[in-house]
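> This is the structure I have questions about; it appears just below.
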Amino acid sequence: MLSPEERREIEAELPLYPNKQAVCIDAMQIVQKHRGWVPDEAIQDVASLLDMAPDELDGIATFYNRIFRRPVGRHVLLLCDSVSCWVMGYERVRAHLMERLGVGLGQTTADNRFTFLPNVCLGACDRAPVMMVNEDLHADLTTEKIDTLLEDYK
Amino acid sequence: MEKPLTQNIRTDGTAIDLAAYERAGGYQGLRKALRMSPEEVLETVKRSGLRGRGGAGFPTGVKWSLVPRGKDAPHPKYVVANADEMEPGAFKDRFLLEGDPHQMIEGMIIAAYAVEADAAYIFLRWAYREAAVRLSKAIADAYRHRYLGKNILETGYNLEMILHVSAGRYICGEETALLNALEGKRANPRAKPPYPQTVGLWGKPTVVNNVETFCNVPHILKNGPDWFQSLSRTKDAGTKLYGASGKVKRPGLWELPMGTTAREILEEHAGGMRDGLRFRAAIPGGASTEFITEPHLDIPMDFDEIKKAGSRLGTATLIVLDDRTCPVGMLWNIEQFFAQESCGWCTPCWSGLSWVEQILGAMERGEGEEGDLEILRQQTKFMAPGNTFCALAPGAMEPLASGLTYFQEDFERHIREKRCPWKS
Ligand SMILES: Cc1cc2nc3c(=O)[nH]c(=O)nc-3n(C[C@H](O)[C@H](O)[C@H](O)COP(=O)(O)O)c2cc1C
Ligand code: SF4
Ligand code: FES
Chain A
1 MLSPEERREI
11 EAELPLYPNK
21 QAVCIDAMQI
31 VQKHRGWVPD
41 EAIQDVASLL
51 DMAPDELDGI
61 ATFYNRIFRR
71 PVGRHVLLLC
81 DSVSCWVMGY
91 ERVRAHLMER
101 LGVGLGQTTA
111 DNRFTFLPNV
121 CLGACDRAPV
131 MMVNEDLHAD
141 LTTEKIDTLL
151 EDYK
Chain B
1 MEKPLTQNIR
11 TDGTAIDLAA
21 YERAGGYQGL
31 RKALRMSPEE
41 VLETVKRSGL
51 RGRGGAGFPT
61 GVKWSLVPRG
71 KDAPHPKYVV
81 ANADEMEPGA
91 FKDRFLLEGD
101 PHQMIEGMII
111 AAYAVEADAA
121 YIFLRWAYRE
131 AAVRLSKAIA
141 DAYRHRYLGK
151 NILETGYNLE
161 MILHVSAGRY
171 ICGEETALLN
181 ALEGKRANPR
191 AKPPYPQTVG
201 LWGKPTVVNN
211 VETFCNVPHI
221 LKNGPDWFQS
231 LSRTKDAGTK
241 LYGASGKVKR
251 PGLWELPMGT
261 TAREILEEHA
271 GGMRDGLRFR
281 AAIPGGASTE
291 FITEPHLDIP
301 MDFDEIKKAG
311 SRLGTATLIV
321 LDDRTCPVGM
331 LWNIEQFFAQ
341 ESCGWCTPCW
351 SGLSWVEQIL
361 GAMERGEGEE
371 GDLEILRQQT
381 KFMAPGNTFC
391 ALAPGAMEPL
401 ASGLTYFQED
411 FERHIREKRC
421 PWKS
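Here the protein sequences come in this chain order: A and B.
Residue numbers 1 to 154, in UniProt numbering, belong to the letters of the first sequence in order.
Residue numbers 1 to 424, in UniProt numbering, belong to the letters of the second sequence in order.
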C-alpha cells in the first residue's frame, strides 16, 4: 500500500501534466525517497493509481538508472566512472573504496550501511575524481579524504 | 571583457536571489520583450546569431521560427529546457543553474513569449540536487513577482513553469527522447521528421533548448543583437563557457569570447599541464567529439572553425589527455559509457558499441589481436551519421575514429606487445 504521504505527494504532481502517465517517473522517485527503493508492490500501487499496467510501469522503471528495483543500504555511494574521473585516477579511488567497504560495485555492505554503485559523469569533471553519497557531492577525492568522509555516514 | 552569463555568479558557491538578480538588471530583458511583439522578439534573437549551446549549434532564432504561431496555431505549446547534461566531461550547465537560476528562467520566459507557448518544463537530471533546490525556489519567487503564471506583469500573457527531475539515462538528453521521458515513457528517440517544433510534447509544438542557450537570451534582449555579435572574436556570436578537465594545473570553467583558441584556454586559464606532464591531445566538447592535437591548438574554438579541424565544438569543455595516460584506456572508458547508455532501440548501436567496448577492453588487458583495428575502423563506418536511429552512436564513434588516426602506434603496440605500455 502507498502511504498517505506518498499518495499525497504523487497526487500533487498530477495537475502539472496533461495526463496521468506523465507522472509515473516522478511517482516512482517519490516512493524511492520514502523507502530507498521501489518494491514490486509499489509498482502495482503506482500503476493502479495512474491507470497503467504494472508491466508497462516496470518496463519504464527498468529503463532509468536512478530507479532502484532492489533494496539499498542506508547510504548510497555513487562513484563517477566517466572519462575525466578516469583520467584523474578513478581506479585508485575505486580500489580504495572497495577495500574500505569490503564490497564490490553493485553490492551492499554486510552492516547495511552502504550500497556502492558506479555512476556516469556527475557534472563536476573539473573537480575529478568525484562521488555522491546520498545527496552530497564529494570532489577532488583522495584516499585520505575518503577515509574521513566515510566516518560522517553512520 | 564582458561576461554576461557569469557576471552574477558568486565565488562563495551560493545562488543569486531574486532581489539581487533584479538589482543587477535581471528581468529587464523580459520586461523589454513583453513590450515587443512575439515576432519582434524572435527577429531579435535571429539577428543576434545565437547558436544552440547543447552541442549541435543550430541557430536558435531559426528553430523558434519553425513553431506555428498566430490565431490558428495548435495549443498548448511548450518550451523545454534541456538540463540533462550527462555527457562525460561536460559541466557547464550545472554551473549556470546552481549559480544563477533566474537567468535561465528569464530566458525561458522570453523564448516562451516568442513562440507563444503556454507551459515551460525544465528537464533536470536527478544528480543535480543543489540545482533542483535552487530552481524550485527561483520558480516560486518568479511566480510571486508575476514573472510567471497568469497575466505576467499585467500584459495578458500566461505561462506555467514546471521543474521535472529526471530519473537518469544519457539518451534523455537527445531532444526527442527527452520528450518521451517527460511523457512518462521509456526514453527512446523519436523519428524526425516531424520535428518537435511542430509535433513535440503530447503531439503539440515544442521548442527544446540547452540551458546555456536560454541563459544568453535575456542579455540579447536587453543589449541588442549587435552587442551580442560584438562579444565574439569570430563570426559565431556571443561569449561561450569553456572548460577544461584532466591533468592541467587549474581545471575549471571560464566565460570567454566565442572563438577563443584552445591554447589560450589551456595555457592561460587552465595554467598549462601539471608539472612533469606534456599535452598529448584533447577532446574539445565532451566525450562525443573528435580529438584535437597540438597543431590544432591555435584554431578558434567556434562551431565552424573547429569543424574545419575535423572535430566539433560540442559543449566546449575540453578533456585533456597527457603523455602518461593511455589513449586506448581512455577510449575504452569512453566507449564503455556509450555502450552502457545505448537505449537499445537500433542494432548497429546496441550491438556495435558493446563489440567496440569489448575489443578495446581486450587490448587494454593485453589480449588484443591482429585485425582488431580493422574491426574498429569498420564499426566507425557502420555507426556513421545516418546509419543509426539517433546521434548517440555516431557521437560515440567520433573520439574513436580520431583516436585510431592519432594514436595508431599506441594501438599497435598494445597488440604487438600484448600489454598496455602505460602499465608497469
Ligand atoms: C545522445 C544525445 C545526448 C544529448 N544530451 C544533451 C544534453 O544533455 N543537453 C543538451 O542540451 N543537449 C543534448 N543533446 C542535444 C539535444 O538533442 C539538442 O540538440 C539540444 O538540446 C538542442 O538545444 P540547443 O539548440 O539549445 O543546442 C544530446 C544529443 C544526443 C544525440
Ligand atoms: S543510436 Fe543507440 S541510442 Fe540512438 S536510437 Fe539507436 S540504440 Fe538508441
Ligand atoms: S567525468 Fe566524473 S564528474 Fe564528469
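Think of the CB as a built atom: it goes at the ideal place given N, C-alpha and C, for glycine as much as any other residue.
Using a cut-off of 9 angstroms between C-beta atoms, extract the partners of A53(A) located in chain B.
Correct list: empty, because the minimum Cβ distance to chain B is about 13 angstroms.
> Under the assumption that A384(B) contacts L353(B) (Cβ atoms under 8 angstroms), give the Cβ distance between them as a whole number of angstroms.
The pair is not a contact, with the Cβ atoms about 14 angstroms apart (cut-off 8 angstroms).
> Given this structure, state the Cα-to-Cα distance separating T148(A) from E99(A), to the nearest angstrom.
Cα to Cα, T148(A) sits roughly 15 angstroms from E99(A).
> Please indicate yes or no: does the CB of M130(A) lie closer than 6 angstroms to some heavy atom of ligand 3?
According to the sequence displayed, residue 130(A) carries Val and not Met. V130(A) Cβ: within cutoff of ligand 3.
> Is M345(B) near ligand 2, in the sense that its beta carbon is under 6 angstroms from a heavy atom of that ligand?
As written in the sequence, residue 345(B) is Trp, which differs from the Met given in the question. Within the cutoff, so yes.
> Can you find a C-beta in chain B that's less than 7 angstroms from the C-beta of G123(A)?
Chain B contact via Cβ: present.
> Residues of chain A with a CB under 7 angstroms from the CB of W126(B): which are they?
Correct list: R66.
> Going by DSSP in three states, H102(B) sits in which element: helix, strand or coil?
It is helical.
> Would you say N333(B) reaches chain A, if we count a Cβ-Cβ gap shorter than 7 angstroms as a contact?
For N333(B), the answer is yes, since a Cβ of chain A falls inside 7 angstroms of its Cβ.
> Would you mind working out which of K20(A), P15(A), V46(A) and V120(A) sits nearest L2(A), comparing C-alpha positions?
Checking every option, the nearest Cα to that of L2(A) belongs to V46(A).
> If we count the other Cβ atoms within 10 Å of its Cβ and call it buried at 16 or more, is S48(A) buried or exposed?
Classification for S48(A): exposed.
> Just checking: is the beta-carbon of G403(B) within a distance shorter than 7 angstroms of some beta-carbon in chain A?
No, G403(B) lies away from the interface with chain A (no Cβ there is under 7 angstroms from its Cβ).
> Tell me, please, which residues DSSP counts as bridged to K240(B).
DSSP, once it has assigned bridges, lists L256(B) as partnering K240(B).
> Measure the CB-CB distance between A114(B) and V79(B) and report whether it falls below 7 angstroms.
No, these two residues do not count as a Cβ contact at 7 angstroms.
> Taking 6 angstroms as the line, does the beta carbon of V173(B) fall inside it for any heavy atom of ligand 1?
Strictly speaking, residue 173(B) in this sequence is Gly, with Val absent from that position. Under cutoff, so the answer is yes.
> With distance defined between alpha-carbon atoms, name the residue in F303(B), K77(B) and K46(B) nearest to G203(B).
Among F303(B), K77(B) and K46(B), the Cα nearest to that of G203(B) is on K77(B).
> Extract the residue ranges of the alpha helix (DSSP H) inside the stretch 131–214 of chain B, only unbroken runs of 4 or more that lie entirely within it.
Listed in chain order, the complete alpha helix (DSSP H) runs (minimum 4 residues) inside the stretch 131–214 of chain B are 175–182.
> Could you check the C-alpha separation between E369(B) and G224(B) for me, to the nearest Å?
If you take the alpha carbons of E369(B) and G224(B), they lie about 59 angstroms apart.
> Beta strand (DSSP E) containing P118(A): first to last residue?
Where P118(A) is concerned, the enclosing beta strand (DSSP E) stretches over F114 to N119.
> Can a CB atom of chain B be found closer than 7 angstroms to the CB of S48(A)?
So no, S48(A) is outside the interface.
> Classify I375(B): buried if its beta carbon has 16 or more other beta carbons within 10 angstroms, exposed otherwise.
Exposed: under 16 other Cβ atoms inside 10 Å.
> When every heavy atom of ligand 3 is checked, does at least one fall within less than 6 angstroms of the C-beta of L122(A)?
Flag set: Cβ of L122(A) near ligand 3.
> Measuring only the C-alpha atoms, how far is A83(B) from P18(A)?
Those two C-alpha atoms are separated by around 21 angstroms.
> Please go through the same chain and pick out, in chain order, the residues whose beta-carbon is closer than 8 angstroms to the beta-carbon of L179(B), but skip the five residues on each side of it.
Only V80, R190, P196, G200, L201, T206 and V208 meet the Cβ criterion.
> One question on the structure: do L97(B) and A127(B) come within less than 7 angstroms of each other, judged by their Cβ atoms?
Not in contact: L97(B) and A127(B) (Cβ atoms no closer than 7 angstroms).
> Mind pulling the chain B residues with CB within less than 7 angstroms of C37(A)?
In the sequence as presented, Cys is not what sits at residue 37(A); that position holds Trp. By Cβ distance, chain B contributes nothing, its closest Cβ being about 13 angstroms from W37(A), past 7 angstroms.
> According to the neighbour-count rule (16 or more other Cβ atoms, all chains shown, within 10 Å of its Cβ), is H34(A) buried or exposed?
So H34(A) ends up on the exposed side.
> Within the present structure, is the beta-carbon of S84(A) separated from the nearest heavy atom of ligand 3 by less than 6 angstroms?
Yes - ligand 3 has a heavy atom lying nearer than 6 angstroms to the Cβ of S84(A).
> Can you list, in chain order, the residues of its chain whose CB lies under 7 angstroms from that of A281(B), leaving out five sequence neighbours each side?
The answer, listed in chain order, is F291, I292, T293, L321 and Y406.
> Let me check you understand the geometry: is the CB of V208(B) closer than 6 angstroms to at least one non-hydrogen atom of ligand 1?
Result yes, Cβ under 6 angstroms from ligand 1.
> Using a Cβ-Cβ cutoff of less than 7 angstroms, which residues in the same chain neighbour V67(B) once the five nearest sequence positions on both sides are dropped?
K77, V115, Q197, P205 and V207.
> Buried or exposed for D100(B), going by 16 or more other Cβ atoms inside 10 Å?
When all chains shown are included, D100(B) counts as buried.
> Just tell me which of R134(B), V45(B), K247(B) and S402(B) has its CA closest to the CA of P218(B).
Nearest of R134(B), V45(B), K247(B) and S402(B) to P218(B), Cα basis: V45(B).
> Got a sec: is the Cβ-Cβ distance from I162(B) to anything in chain A below 7 angstroms?
Yes, contact with chain A.
> Identify each residue in the stretch 253–283 of chain B for which the Cβ-Cβ distance to at least one residue of chain A is less than 7 angstroms, and report them in chain order.
Taking 7 angstroms as the Cβ-Cβ cut-off against chain A, the residues of the stretch 253–283 of chain B that qualify are L253.
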